[in-house]
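Notes follow once the structure below has been shown.
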Amino acid sequence: MDNRKVLAFLMVFVAAVSWAGSGMAAQEFFRITDCDAMRLTNIRMILAGLLLMPLAWMKGGLQRSWKVLKERPGLWMDIGIYAVGGILLMQYTYFQGISIGNAAATTVICYTCPAMVICYDSVHQRRWPRPAEIMSVLLAIGGIFLMVTGGDLDSLSVPLACVAWSLVSAVFFSFSAIYPKHLLLELDQVFLLSVGMLFGGICSFLLVPEIDWSIFFRPEVFGLVAYIILGGTALAFLLFNAGLFYLTPEEATVTGAAEPAAAVILSSVIFGTVFGYVELLGIAMVLGAILLPLVESRKDRTASRKKHAVG
Numbered sequence: 002m003d004n005r006k007v008l009a010f011l012m013v014f015v016a017a018v019s020w021a022g023s024g025m026a027a028q029e030f031f032r033i034t035d036c037d038a039m040r041l042t043n044i045r046m047i048l049a050g051l052l053l054m055p056l057a058w059m060k061g062g063l064q065r066s067w068k069v070l071k072e073r074p075g076l077w078m079d080i081g082i083y084a085v086g087g088i089l090l091m092q093y094t095y096f097q098g099i100s101i102g103n104a105a106a107t108t109v110i111c112y113t114c115p116a117m118v119i120c121y122d123s124v125h126q127r128r129w130p131r132p133a134e135i136m137s138v139l140l141a142i143g144g145i146f147l148m149v150t151g152g153d154l155d156s157l158s159v160p161l162a163c164v165a166w167s168l169v170s171a172v173f174f175s176f177s178a179i180y181p182k183h184l185l186l187e188l189d190q191v192f193l194l195s196v197g198m199l200f201g202g203i204c205s206f207l208l209v210p211e212i213d214w215s216i217f218f219r220p221e222v223f224g225l226v227a228y229i230i231l232g233g234t235a236l237a238f239l240l241f242n243a244g245l246f247y248l249t250p251e252e253a254t255v256t257g258a259a260e261p262a263a264a265v266i267l268s269s270v271i272f273g274t275v276f277g278y279v280e281l282l283g284i285a286m287v288l289g290a291i292l293l294p295l296v297e298s299r300k301d302r303t304a305s306r307k308k309h310a311v312g
């Protein structure tokens with residue numbers, strides 16, 4: 002493995018840890034304030050969107066995308082749908098889950114989205130899922146069950162409301178992975194994310210019209226909010242995309258398991274969260290659900306290349 006690939010893996014891993022860290026920062030923010038999830042979502046999306054826009058301009062994506070939108074103004078409607086359904090609601094429900102439960106549980110449950118995408122693709126393409134896909138869905142369901150119940154049906158390790166909000170966030174997470182594919186063929190990725198965050202943040206004013214940002218500049222929370230916006234959003238996104246330049250799709254997907262794993266570790270280190278053996282087994286099953294389709298896909302690609310080579 003050359004040095005560039007090692008550096009790329011490091012970049013993507015740091016990005017995943019940064020995203021997980023933003024969940025930890027949000028958990029602490031909700032603990033020491035009475036601010037609700039929508040208000041935190043509002044400032045995160047607007048300021049992160051503003052920070053990413055200059056990057057889109059520097060790499061030429063702003064100019065290219067603007068030209069496309071002038072020629073095809075109908076794409077603005079699709080951007081609006083992505084901004085609200087794919088970013089705003091995903092971020093809001095994620096923070097809402099954290100505010101009720103904790104960042105580790107919310108993050109792990111949100112990463113059942115690959116299993117949801119598998120179900121969607123099977124219905125959309127009118128095909129039976131492959132054995133590995135079925136196993137992935139079962140692992141995700143079983144993992145959540147063990148993590149939430151701890152193996153005891155008479156008590157819950159995670160508040161039911163947290164589970165519900167986290168699963169809803171996973172639905173919107175899945176939507177954000179499926180819906181904008183046609184937009185990414187036409188528009189720059191950084192531009193799309195920046196505009197999506199700005200538009201979604203502005204729309205959040207309609208849901209909470211009287212948003213007082215002064216709470217975010219209090220000394221006890223300013224560092225947390227700054228990290229959520231800078232480290233957990235803008236910097237993480239930049240590192241992730243820089244790393245992807247040197248990685249194959251398979252290698253990049255492996256890192257999908259890094260964020261929930263990092264969330265569990267950080268939660269234990271920072272908040273002293275204790276996970277029993279059953280909960281840890283459930284977490285491992287969810288991570289397996291993320292990685293299993295990747296392993297199967299890689300096997301299929303390897304077999305296909307060998308077949309073509311022989312042919």
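The numbering of the sequence shown is the numbering used here, which starts it at 2 and goes up by one.
Using N, Cα and C, we set each Cβ at its ideal position, and we do this for glycine too.
For the candidate residues the options, whose alpha-carbon lies nearest to that of residue i?
i: Arg-45; options: Ser-158, Ala-27 and Arg-32; result: Ala-27
i: Leu-199; options: Gly-22, Tyr-83 and Ala-9; result: Tyr-83
i: Ser-215; options: Ser-158, Leu-292 and Phe-223; result: Phe-223
i: Leu-48; options: Val-287, Ile-284, Gly-283 and Ile-229; result: Ile-229
i: Leu-185; options: Asp-35, Ile-80, Phe-10 and Val-138; result: Ile-80
i: Ile-33; options: Glu-211, Val-279, Asn-242 and Pro-220; result: Pro-220
i: Ala-106; options: Gly-86, Glu-134 and Leu-168; result: Leu-168
i: Ala-259; options: Gly-289, Val-270 and Asn-4; result: Gly-289
i: Ile-212; options: Leu-90, Gly-22, Met-39 and Pro-74; result: Met-39
i: Ala-162; options: Asn-103, Lys-6, Cys-36 and Asp-35; result: Asn-103
i: Leu-140; options: His-125, Val-109, Val-85 and Tyr-121; result: Val-109
i: Met-286; options: Phe-218, Gly-143, Lys-182 and Leu-51; result: Gly-143
i: Ser-158; options: Gly-277, Cys-36 and Asp-35; result: Gly-277
i: Leu-51; options: Met-78, Val-265, Ile-203 and Val-164; result: Ile-203
i: Asn-43; options: Ala-263, Leu-207, Arg-128 and Ala-264; result: Leu-207
i: Asp-37; options: Gly-197, Phe-217 and Glu-187; result: Phe-217
Indicate whether residue i and residue j have their beta-carbon atoms separated by less than 7 angstroms.
i: Gly-244; j: Met-12; result: yes
i: Cys-322; j: Ser-170; result: The structure shown has nothing for residue 322, since the chain only spans 2 to 312.
i: Pro-160; j: Ile-101; result: yes
i: Ser-177; j: Leu-53; result: no
i: Leu-240; j: Ala-16; result: yes
i: Met-25; j: Ile-284; result: no
i: Ala-21; j: Leu-281; result: no
i: Val-279; j: Gly-152; result: yes
i: Val-85; j: Gly-273; result: no
i: Thr-113; j: Trp-166; result: no
i: Leu-76; j: Ser-205; result: no
Going by beta carbon distance, what residues of the same chain come within less than 6 angstroms of residue i, once the five residues before and after it are set aside?
i: Phe-192; result: Ala-57, Gly-62, Leu-63 and Ser-66
i: Leu-41; result: Phe-96
i: Ala-237; result: Ala-16, Ser-19 and Trp-20
For the ligand HEM, I want to know if residue i counts as a neighbour, meaning its beta carbon is within less than 6 angstroms of at least one of the ligand's heavy atoms.
i: Ala-17; result: The model depicted lacks the ligand HEM and carries no ligand whatsoever.
Looking only at its own chain, which residues have a Cβ that is under 8 angstroms from the Cβ of residue i, when we skip the five neighbours before and after it?
i: Lys-71; result: none
i: Ile-119; result: Pro-130, Glu-134, Ser-137, Val-138 and Pro-294
i: Lys-60; result: Asp-189 and Val-191
Leaving out the 5 sequence neighbours to the left and right, which residues in its chain are closer than 7 angstroms to residue i when beta-carbon positions are compared?
i: Phe-31; result: Ile-99 and Ser-100
i: Tyr-247; result: Arg-5, Lys-6 and Ala-9
i: Met-117; result: Ala-171, Val-172 and Ser-175
i: Glu-29; result: Leu-225
Contained alpha helix (DSSP H) runs [length at least 4] in the stretch 8-93, N- to C-terminal order:
38-59, 62-72 and 76-82
Taking the runs of the alpha helix (DSSP H) that are 4 residues or longer, which of them lie wholly in the stretch 169-212?
182-187 and 190-208
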